[in-house]
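Novice:
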Amino acid sequence: MERDYQPQVIEPEIQKYWDSEQTFKTIENPDQPKFYCLCMFPYPSGKLHMGHVRNYTIGDVISRFMTMKGYNVLQPMGWDAFGMPAENAAIKNQQPPAAWTYDNIDHMRGQLKRLGFGYDWDRELATCTPDYYRWEQWLFTRMVDKGLAYRKKARVNWDPVDQTVLANEQVIDGRGWRSGALVEQREIDQWFIRITDYADELLDDLDAVDWPEQVKTMQKNWIGRSQGVEFSFERKGSEERLEVYTTRPDTIMGITYVAVAAQHPIATQAAASNLEIQAFIEECAHMSVAEADLAQAPKRGMATGQFVIHPFTGEEIPIWIGNFVLMEYGSGAVMAVPGHDQRDWEFATQYGLPIKPVIQPLDDDPEYDLSEKAWCEKTGVTVHSGRFDGLPFADAFKAVAEALEEMGIGRVTTNYRLRDWGVGRQRYWGCPIPVIHTDEGLKTVRDEDLPVTLPEDVVVDGSGSPLATRSDFVETVDPDTGRPAKRETDTFDTFMESSWYYARFASAFSDDAMLDAHANHWLPVDLYIGGIEHAILHLLYARFFHKVLRDLGLVNSDEPFKKLLTQGMVLKDGSKMSKSKGNTVDPQALIDQYGADTVRLFTMFAAPPELSLEWSDDGVAGAHRFLKRIHALVTEHLDQGRHVSNELVDLEGLSDEARDVYRKLHETIAKVSDDIGRRYHFNTAIASIMELTNSVMKFDATGDADWAVRSEAVEAIVILLSPITPHITEHLWSSLGHQNSLMDVPWPKVREDALTRHTLTLVVQVNGKLRGRIEVPSDADQTTILTMARDEPQVAKFLEGMVEKKAIVVPQKLVNLVVAPA
RNA sequence: GCCGGUGUGAUGGAAUUGGUAGACAUACCGGACUUAAAAUCCGGAGAGGGAAACCUCGUGCCAGUUCGAGUCUGGCCACCGGCACCA
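In this text, residue positions in the first sequence follow the numbering used here: the first is 43, and each later residue adds one.
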């Protein structure tokens, strides 16, 4: 065996060995338990970044661990290959997006292999290939058939100079990122999918998945189911009525104005005869369409000069246009109760509109001061509300709702914050929407004509869609009539591709259907791992798709991801690594310098997965040093020539020191198994292996019994570390005389009899402060423990002149004596 | 703005169910080896006080619950993620 640790020699050798042995080919044996471990697939942006390395190392560690635990593991990898960056790169480099993407995929695949991830590469997929997206097109046509997809107008950011639609991130301070032109809002016809049809199920099924509470809460709030009342106002001098939705009908007597969105027909109508309003609406149309921008913009508004009639008082109430009212939520109009809604309060205060208190707290609430802010609690009773006076929230809600219903102008409804999913994108590098425009209207493309293939030899210059100018793509024929027709040139939102790839991996070899029976063998994904930034959108869309697939009979489960592990970001100097900040760390350079195992070890050791990970070059060097120590430990161990394998250690014959090392060994096995298998806290698993290593290195083995302990410990260290640093351990395993791969070695079992202790150390506190320690027999009773605690000299000191009020004994842990001066 | 998180030594973090705060590392300091340096090995170390034994304080800030709070509750502050066309 060579003396030094040489990762650059070992790692490619081991990777070749795995390759030739087909170590990571998926086994699908119905008699064995299955485990589908999936990491969010990467966008092929060029090269791997540290976030990828972290994500995929977590998945690989768990996959290897589960394989050693006897599971059939499916761990696939693929490419989320459509998207904007390819178009941006194309503009910059005059290279077609397809070529750029495929080059990147080749490079990044090489990097993943160099990191030693155990993927079943036979199942690799790239979403930009027709083999993949044809099934997405097929699914979309089914959605159209079922009425799940429909056309609707939607607002987009329009760059008037580049003549193109901009993504929200391409709008910087209200201007197009390339042209610098003031962005406008435009309404265009778009395809939408009725995700709201599944809103209740998407909400309720959250209870059935093993996901972090915070993610479930975010999704719940995003869906935002609320009980409210929908009703309409009579408009003064108009036949038409104004529809509003409110979750607080109990405050209806406190309405002092009504606010409509700038896109609301009333606003448009008012603008027709008023230049000021026209200018105001025009100004609103120059905002970004992003909700975050709207919510933070200063509240602005303008009176329309029109009025509605209060349904109960008959009072005239002014209609205002407010830039904070969303056209997409409810009916684009709200009744404003400034006394009991903070947003309404701010708007009213700014424009001098009256504030009318109609809810009063039951007890004196120092927070109740309507000249300072609105009081929004639902715990009060109605006042100044005429016939509705004196009612608590639920009763007032009911009474008002019933009254409106009796008048035939309102009803109780369930409303959702969730909106239908707009899936059309006016971009080139995406999956073509399989629709043709014929003289008989819109038609979906027939199954036998799928896929609609995206031409890959295009020139992208940043203005307009390259597809629209490709007559060979656009010009087609209506198969029903034989007359000319035009293809849709919009492509799908790339969230469409990432909403079902997890299922395709399980059914990767199916040529004649989107999914086959293998999908149900593997699904749902047992563990899904990815960035917390996907907590809402991607995960919600994928859950929705899964339910659609289920309703089409393609899968038989309700949820796609049984368990979810969300990883934090990789930071450097306290902030997210990014090119613009110039604080990126290229994993490739580290692999070249230290090898894949060191990079894997550092990223797993530096922090638990869900926390952000602060990058440290020194930390990487430290991880490498540890691997050198492990290498030296095994080398020196073998040098002694007394290594034994598979020898059952006889506990009775051990010295105290050997017994301690042996207990530590089995405690470590228990700890590492729990940390990797249940907690996913790899940093503490590694720390405990380091502790064990330190103990074994200090252990001076003499007799045969000692060497049996030492040998078992050395082998266990190699096995326990193998999911994290698979190359060096595979290499050392073979040095230790084994012929098989560690992937075929069962995960070690804890020997319970090795864990027992004769004595325990208990901490003794006096009034909650640590004052001493006692060594007690592990079977000592409470009286004995208390006597020993009181007699401990350090403790006794603090008991002098005191009366003991109480004594608390926490088994295995501590004693707390509560005393007071006599 | 709204929703969700995070905050512990010089640094990354540990403390899993309310029970020894700082495991394991990194950086640093001292020692061994070396002509020297690197590498490696051994040792030290939260802050303050003390010759020492020990004592006091200490988990972003302010209150509270408890025999006992890093952990639970309320209020603040700072930072991070998401906000529907970034993926």
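Note that CB positions come from ideal geometry on N, CA and C, so glycine has one too.
Which of helix, strand or coil does DSSP assign to Trp463?
Specialist: Reduced to three states, the DSSP call for Trp463 is strand.
Novice: Can you tell which of Asp746, Ser715, Met830 has the C-alpha that lies nearest to the C-alpha of Pro790?
Specialist: The residue with the shortest Cα to Cα distance from Pro790 is Ser715.
Novice: Do you know whose CA, among Gly189, Gly504, Val852, lies nearest Gln824's CA?
Specialist: The option with the nearest alpha carbon to Gln824 is Val852.
Novice: So, helix, strand or coil for Ala649, using DSSP?
Specialist: Ala649: coil per DSSP, three-state reduction.
Novice: Does DSSP classify Pro869 as helix, strand or coil?
Specialist: Because the chain is modelled from 43 through 864, residue 869 falls outside the range shown and cannot be assessed.
Novice: Under the rule that 16 or more other beta-carbon atoms within 10 Å means buried, what is Gly120, buried or exposed?
Specialist: Buried, because 16 or more other Cβ atoms sit within 10 Å of the Cβ of Gly120.
Novice: If we call anything under 8 angstroms between Cβ atoms a contact, is Ala301 one with Gly343?
Specialist: Yes; because the gap between Cβ atoms is below 8 angstroms, this pair is in contact.
Novice: DSSP on Lys258, reduced to helix/strand/coil?
Specialist: Note: Lys258 maps to helix in three-state DSSP.
Novice: State the Cα-Cα distance for the pair Glu656 and Thr771, rounded to the nearest angstrom.
Specialist: Approximately 27 angstroms, taken between the alpha carbons.
Novice: Quick check on this structure: which residue in Pro86, Arg236, Arg461, Asn135 has the alpha carbon closest to the alpha carbon of Asp145?
Specialist: It is Pro86.
Novice: Could you say which of Val818, Glu63, Met110, Pro508 lies nearest to Arg469 if we only look at CA atoms?
Specialist: Checking every option, the nearest Cα to that of Arg469 belongs to Pro508.
Novice: Are there three or more Cβ pairs, one per stretch, closer than 8 angstroms when the stretch 107-121 is compared with the stretch 598-618?
Specialist: No: fewer than three Cβ pairs fall under 8 angstroms.
Novice: Excluding sequence positions up to five away, which residues of its chain have a Cβ less than 6 angstroms from the Cβ of Asp873?
Specialist: Since the first residue of the chain shown is 43 and the last is 864, residue 873 is not available in this structure.
Novice: Here's a check: name, in chain order, each residue in its chain whose Cβ is nearer than 8 angstroms to the Cβ of Ala838, leaving out the five neighbours to either side.
Specialist: Closer than 8 angstroms at the Cβ level, and outside the excluded window around Ala838, lie Arg832.
Novice: Could you tell me the alpha carbon to alpha carbon distance between Leu632 and Gly719, rounded to whole angstroms?
Specialist: For Leu632 and Gly719, the distance between alpha carbons rounds to 28 angstroms.
Novice: Take Tyr722 as the anchor and find which of His576, Trp362, Ile571 has the nearest alpha-carbon.
Specialist: Cα-wise, what sits closest to Tyr722 is Ile571.
Novice: Determine the contact status of Ala378 and Thr298, defining contact as a CB-CB distance below 8 angstroms.
Specialist: Result yes, Cβ atoms of Ala378 and Thr298 sit closer than 8 angstroms.
Novice: Tell me, please, which residues DSSP counts as bridged to Val477.
Specialist: Beta-bridge pairing links Val477 to Thr486.
Novice: Within the continuous alpha helix (DSSP H) that includes Glu333, where are the two ends?
Specialist: Unbroken alpha helix (DSSP H) run through Glu333: 333-338.
Novice: Buried or exposed, going by whether 16 or more other CB atoms sit within 10 Å of the CB of Gly152?
Specialist: So Gly152 ends up on the exposed side.
Novice: So Asp386 is in the alpha helix (DSSP H); what residue range does that whole segment cover?
Specialist: Taken as a continuous stretch (DSSP letters only), the alpha helix (DSSP H) holding Asp386 covers 384-393.
Novice: Rounded to whole angstroms, what is the Cα-Cα separation between Phe389 and Arg529?
Specialist: Cα to Cα, Phe389 sits roughly 47 angstroms from Arg529.
Novice: Would you kindly check if the distance between the Cβ of Val103 and the Cβ of Met646 is under 8 angstroms?
Specialist: Yes, Cβ-Cβ distance for Met646 and Val103 is below 8 angstroms.
Novice: Counting C-beta neighbours from all protein chains within 10 Å, is the total for Ile235 16 or more, i.e. buried, or is it exposed?
Specialist: That one is buried.
Novice: If you compare alpha carbons, which of Ala584, Lys67, Phe354, Asp215 is closest to Gln261?
Specialist: Nearest option by C-alpha distance: Ala584.
Novice: Buried or exposed for Pro788, please, with buried defined as at least 16 other CB atoms from any protein chain shown within 10 angstroms of its CB.
Specialist: Under this definition Pro788 is an exposed residue.
Novice: Could you check what DSSP says for Asp628 in three-state terms: helix, strand or coil?
Specialist: In this structure, Asp628 counts as coil in the three-state DSSP scheme.
Novice: Check the DSSP bridge columns for Thr710 and list the partner residues they point to.
Specialist: Its beta-bridge partners do not exist; DSSP assigns none.
Novice: Return the CA-CA distance between Gln179 and Lys614, expressed in angstroms with no decimal places.
Specialist: Taking the straight line from one Cα to the other gives about 41 angstroms.
Novice: Using 8 angstroms as the cut-off, can you tell me whether the stretch 466-486 makes contact with the stretch 127-143, which would need three or more C-beta pairs spanning the two stretches below that distance?
Specialist: As far as the Cβ criterion goes, the stretch 466-486 touches the stretch 127-143, which means the pair count is three or higher.
Novice: By Cβ distance, which residues of its chain are closer than 7 angstroms to Ile761, with the 5 residues on each side in sequence left out?
Specialist: If we look at Ile761 and ignore the five residues flanking it on each side, its Cβ neighbours are Leu784, Val787, Pro790.
Novice: I believe Arg267 touches Gln227 by the beta-carbon criterion, under 8 angstroms. Please report the beta-carbon distance rounded to the nearest angstrom.
Specialist: 29 angstroms between Cβ atoms; not a contact.
Novice: Identify every run of the beta strand (DSSP E) within the stretch 810-853, keeping only runs that are complete inside it and at least 3 residues long; order them along the chain.
Specialist: You should have 811-819, 844-852.
Novice: Alpha carbon to alpha carbon, what distance is there between Tyr636 and Ala665?
Specialist: Taking the straight line from one Cα to the other gives about 9 angstroms.
Novice: Is it right to say Asn365 is buried, meaning 16 or more other beta carbons lie within 10 angstroms of its own, or is it exposed?
Specialist: So Asn365 ends up on the buried side.
Novice: With a threshold of 7 angstroms on Cβ separation, who are the neighbours of Pro493 within its own chain once the five nearest residues in sequence on each side are excluded?
Specialist: Closer than 7 angstroms at Cβ, skipping near neighbours: Pro172, Tyr175, Arg176, Gln179.
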